[in-house]
Amino acid sequence: MAKIIGSRACQANHRVLFTTAMDMLNHLLASQVDHSLVRKLKVYTEPPLLVCDELGYLCLDQQTSNLFYQVISTRHSRKRSTLITTNTPFSDWGNILYNTTIATAIADRLVENSEIFLLGGDSLRKTNKNPSPPAD
Numbered sequence: 017m018a019k020i021i022g023s024r025a026c027q028a029n030h031r032v033l034f035t036t037a038m039d040m041l042n043h044l045l046a047s048q049v050d051h052s053l054v055r056k057l058k059v060y061t062e063p064p065l066l067v068c069d070e071l072g073y074l075c076l077d078q079q080t081s082n083l084f085y086q087v088i089s090t091r092h093s094r095k096r097s098t099l100i101t102t103n104t105p106f107s108d109w110g111n112i113l114y115n116t117t118i119a120t121a122i123a124d125r126l127v128e129n130s131e132i133f134l135l136g137g138d139s140l141r142k143t144n145k146n147p148s149p150p151a152d
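So the sequence shown is numbered by this note's numbering: it starts at 17 and just counts up by one.
Okay, here's the thing in structure tokens:
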């Protein structure tokens with residue numbers, strides 16, 4: 017669904033950046049080493065739509081949680097659209113985003129003026145699996 021929304025935004029001539037949460041955060045961490053963080057943050061805060069996939073598969077430490085907060089807070093203050101995909105309910109974000117304080121701050125900014133879609137059902141990855149194992 018996130019890819020379709022991003023694609024439709026592109027078709028409507030909006031700039032869209034699609035990334036996984038960990039790719040974004042790893043790039044931001046690396047930019048701290050070469051002192052290009054301000055420039056790299058703009059990559060993630062400027063596009064009218066940021067699609068950030070797979071939040072919550074790995075727990076974030078304080079430094080990466082703070083970087084994620086910087087991206088979300090800046091996008092929120094500039095009224096930029098942000099689409100997050102996750103399998104983690106909001107109630108568990110304190111476990112993946114270092115602590116409940118930063119998790120609450122991030123969630124508050126994401127849900128203001130937003131639409132939340134809770135999807136259920138089997139994984140599409142399961143349905144696209146080969147029904148029989150490959151032959152040797």
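We put the CB at the ideal spot given by N, CA and C, even for glycine.
Contiguous beta strand (DSSP E) assignments of at least 3 residues, all confined to the stretch 89-142: With a minimum length of 3 residues, the continuous beta strand (DSSP E) runs that stay inside the stretch 89-142 are 97-102.
Paired residues, beta bridge with Thr-61 - DSSP: Per DSSP, none; premise fails for Thr-61.
Cβ-based burial, Met-157 [other Cβ within 10 Å; buried from 16]: Look at the range of the chain in this structure, 17 to 152, and you will see that residue 157 is not part of it.
Beta-carbon spacing of Pro-63, Leu-33 below 8 Å: For Pro-63 and Leu-33, yes; Cβs fall inside 8 Å.
Nearest-angstrom Cβ-Cβ length linking Asn-103 and Gly-72, presumed shorter than 8 Å: With 8 Å as the limit, Asn-103 and Gly-72 qualify as a contact, their Cβ atoms being about 6 Å apart.
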